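Student: In the order they appear, the protein sequences are chains A and B. So the first sequence is numbered by this note's numbering: it starts at 1 and just counts up by one. So the second sequence is numbered by this note's numbering: it starts at 1 and just counts up by one.
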Amino acid sequence: MRKVNQKAWFFVLPVLILVAFNALVPMMTVVNYSVQETFGNNQFFWHGLGWFQDILRSERFHAALGRQFLFTFLILIIEVPLGVIIALSMPRKGFWVPVCLVTMALPMLIPWNVVGAMWNIFTLPDIGLLGYFMNHVLGIDYNMTRSPLAAWVTIITMDVWHWTSLVVLLCYAGLVSIPDAYYQAAKIDGASNWAVFRYIQLPKMKQVLTIAVLLRFMDSFNIYTEPFVLTGGGPGNSTTLLSIDLVKIALGQFDLGPAAAMSLIYFAITLFVSWLFYTLMTRHDVK
Amino acid sequence: MAKITLDRLRHSYMSDPKGPQDYALKELDLDWQDGGAYALLGPSGCGKSTLLNIISGLLHPSEGRILFDGKDVTGLPPDQRNIAQVFQFPVIYDTMSVYDNLAFPLRNRGVDEGRVKARVEEIAAMLDVTEMLGTRAAHLSPDNKQKISMGRGLVRDDVNVIMFDEPLTVIDPHLKWKLRSKLKELHQKVKVTMIYVTHDQTEALTFADQVVVMQEGEVVQIGTPVDLFERPAHTFVGHFIGSPGMNVLPAELRDGAAFFAGQQIALEGAVAPGAGRHEIGVRPEYVTLGPSGIAAKVRKVMDLGRHSVVEAVAGDTKVSAIVEGAAPGQGESVHLTFRPDQTRLYRDGWIATKQERAA
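1) Under a CB-based cut-off of 8 Å, is PRO203/A close to chain B?
2) Around the Cβ of ARG81/B, are there at least 16 other Cβ atoms within 10 angstroms (buried) or fewer (exposed)?
3) Can you tell which of LEU41/B, TYR13/B, SER181/B, GLU27/B has its C-alpha closest to the C-alpha of THR198/B?
4) Tell me which residues of the stretch 154-180 of chain A have at least one Cβ-Cβ distance to chain B shorter than 7 Å, keeping chain order.
5) Would you say PHE164/B faces chain A, with C-beta separation under 8 Å as the test?
6) Suppose the cutoff is 8 Å on Cβ atoms and the five residues either side in sequence are ignored; what does the same chain contact list for ASP72/B look like?
7) Going along the chain, which unbroken runs of the beta strand (DSSP E) with 3 or more residues stay wholly within the stretch 201-246 of chain B?
8) Measuring CA to CA, which of PHE71/A, LEU149/A, ASP255/A is closest to PHE39/A?
9) Kindly confirm or deny that the stretch 328-336 of chain B and the stretch 291-307 of chain B touch, where touching means at least three C-beta pairs closer than 8 Å.
10) Give the DSSP-derived three-state secondary structure of SER308/B in the structure shown.
11) Compute the beta-carbon to beta-carbon distance between VAL282/B and PHE338/B, rounded to the nearest angstrom, for a pair I have assumed lies under 8 Å.
12) Note down, in chain order, each residue of its chain lying with its Cβ closer than 7 Å to the Cβ of GLY293/B, except the 5 sequence neighbours on either side.
13) Less than 7 Å between C-beta atoms, sequence neighbours within five positions excluded: which residues of the same chain meet that for LEU25/B?
14) If contacts are defined as beta-carbon pairs under 8 Å, then GLU79/A and ARG216/A qualify, I think. What distance do you get, rounded to the angstrom?
15) Anything in the stretch 45-78 of chain B with a Cβ closer than 9 Å to a Cβ of chain A? List those residues in chain order, please.
16) Helix, strand or coil: how does DSSP classify GLU324/B here?
17) Spatial neighbours of PRO203/A within its chain, please: CB distance less than 7 Å, with the 5 preceding and 5 following residues excluded, ordered by chain position.
18) Would you grab the beta carbon distance between THR145/A and GLY234/A for me? Rounded to a whole angstrom, and I think it's under 8 Å.
19) Using the Cα positions of LEU170/A and THR210/A, report the straight-line distance between them to the nearest angstrom.
20) Report the residues of the stretch 187-211 of chain A with a CB closer than 9 Å to any CB of chain B, ordered along the chain.
21) Taking VAL91/B as the query, report the chain A residues whose CB atoms sit under 7 Å from its CB, ordered along the chain.
22) Any beta carbon of chain A sitting closer than 8 Å to that of ASN144/B?
23) Candidates GLY75/B, TYR23/B, GLY36/B: which alpha carbon is nearest LEU58/B's?
24) Closest to VAL30/A by CA distance: which of PHE267/A, ARG283/A, PHE272/A, THR279/A is it?
25) Helix, strand or coil: which one does DSSP assign to GLN85/B?
26) Considering only C-alpha positions, which residue in the set GLY245/B, ILE195/B, LEU140/B is nearest to ALA84/B?
27) Counting pairs of beta carbons, one from the stretch 144-160 of chain A and one from the stretch 170-190 of chain A, are three or more of them closer than 8 Å?
28) Looking at C-beta atoms only, is the number of pairs between the stretch 241-250 of chain A and the stretch 64-72 of chain A that lie closer than 8 Å three or more?
29) Can you list, in chain order, the stretches of the beta strand (DSSP E) that have 3 or more residues and sit fully within the stretch 203-284 of chain A?
30) Can you find the residues in the same chain that come closer than 7 Å, C-beta to C-beta, to ALA173/A, ignoring five residues on each side of it along the sequence?
31) Starting from the C-beta of ILE75/A, find all residues in its chain whose C-beta is less than 8 Å away, skip the five residues before and the five after it, and write them out in chain order.
32) Could you have a look at HIS162/A and say whether DSSP puts it in helix, strand or coil?
33) Near THR231/A, what residues of its chain come up, given a Cβ to Cβ distance below 7 Å and the 5 sequence neighbours on each side ignored?
34) With DSSP as the reference, label ASP79/B as helix, strand or coil.
35) Expressed to the nearest angstrom, what Euclidean distance is found between the alpha-carbon atoms of GLY349/B and VAL226/B?
36) Rounded to whole angstroms, what's the CA-CA distance from MET27/A to LEU242/A? Just pull it up for me.
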């Protein structure tokens, strides 16, 4: 029988400690809050799954979740095709490659709260460049603080502006890894541009595109800073996404129990959708 | 199928070529006969891939014309030339099945499905891939992938020429031989003109009826494998083909007689008059060690099993000889003789002796 060196487990210990302190312990405190009720004075009572039931039945939660899915769906349906189109039209070699890459990367380098503040000022109806242009030049009534539609259009546009580059850069990396011979062979085989895209470029981009969609899903589903700075969740509750609502409950109302339960449900949804998507996308590779 | 004519073809990758050194392909006039098996042989960077890409239409030549059966195709894109090309790395469409891969060039040209099916099945049988037709092409081994990319060329029955750009580079050695003989067999079956680009002399000599040897953008010799071996037109060909290559020895020409290491060397025939840098070329196969001849010292002996390659030094020139049977030891003094009818004089690299016909 082979002797197994159990001492090797010690090597895993540092990682275990690290993960424990940055993920497990904070998460367990959340779990702890989610099953207890308090009336102040730091006294807690067992509340079972009550908070979870409340949250899952709460209309406020359903509405926020609906808005969250709508937001994520809209930005994905815009950013992914747009990113692919931009990546396809970028030059493969020459002087313009670095120019394009740097230009593409710029929005991603800006801190999130700055992005929110920038767009806030940009869209101010009387002094913002966009706001002034829309209201006073085009004559379109555009005011984010009054119209939910304007607010939605703005947060979607802002996210597209901020994050399409990520999809572009990932797709571009996939595209440049295709050897010239593929394009030459396709030319000789008489393939149309669509066939080249469908059978050469898309399959080669599939892996990076999976990652891109996954990252964009997780980031947009958990988005907080930018819409918070831009609209603060308004007008009314029209742009109150899940994370904004969660912060309102946790820090605004200081309802730790419901907030903790909501966090866990929120986390479970993100995890489940990511898992589902990844499994579906990579299902064929295993066969 | 067609005869391919290259008419005063030149190509430079620079936008403003100044002299011949700027040309990747120097003026080329060449005819490829319909149905021939050609090899384009030369070291890396000699312009063979450039030439191939010009014939396929992936590259537009700086000057000159390409004719298929007398019709000028210089301006036509690859898909209208009816050619097929197999690349160094197998190109297959990963997401498609083997069947769809083979059907792809036909479907792109709007061939009806019944005809597609018949052609694909015929070609698959020819390539021994019938049982793989249903599998996804991504999971094939490199040699099978290369077969499929070859099959995509064969599946169209109107191809003028199939070109192979070093197709065995990524294939395992023991499969190389198999694929090579498959290729030869296919050529005999379908009789399409095939052009095979390689820097490997074995591949070129076993595949082709006619080998075109290129060096620095120029064709140095066109001939059958036997021609190239027996009577290289240029010292480069002599050197490049054969293992070891031809001995190229510095020589002096006095009154029509050639001298090497102070001794007169008998040549295959009369030397064309002229001046230049002279060299004697003789293959190691025709150098014998004997009691008399040019004095030399053995520097190295390589035992290759069936024969030995003896590397001797005469004066300060290295001469290789292939010896059957017992070989001399290292450091021994030997005398070399060259078989006269296989000994030639080269002037500035080009052959300068005339072969005397045996009566």
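Glycine included, every Cβ here is placed at the ideal spot set by N, Cα and C. What you are looking at is a predicted structure, and each value in this text was computed from that prediction instead of being measured.
Tutor: Put simply:
1) yes
2) buried
3) LEU41/B
4) PRO179
5) no
6) ARG65, ILE66
7) 210-215, 218-223
8) ASP255/A
9) yes
10) strand
11) 5 Å
12) HIS335, LEU336, THR337
13) LEU9, ARG10, HIS11, GLY47, THR50, LEU51, GLY217
14) 6 Å
15) ASN53, SER56, GLY57, LEU58, PRO77, PRO78
16) strand
17) none
18) 7 Å
19) 10 Å
20) LYS187, ILE188, ASP189, GLY190, ALA191, SER192, ALA195, ARG198, TYR199, ILE200, LEU202, PRO203, LYS204, LYS206
21) ALA181, TYR182, ALA185
22) no
23) GLY75/B
24) PHE267/A
25) strand
26) ILE195/B
27) no
28) yes
29) none
30) VAL208
31) ILE156, ASP159, VAL160, TRP163, ARG216, SER220
32) helix
33) MET144, ALA151, ILE155, THR239
34) helix
35) 20 Å
36) 18 Å
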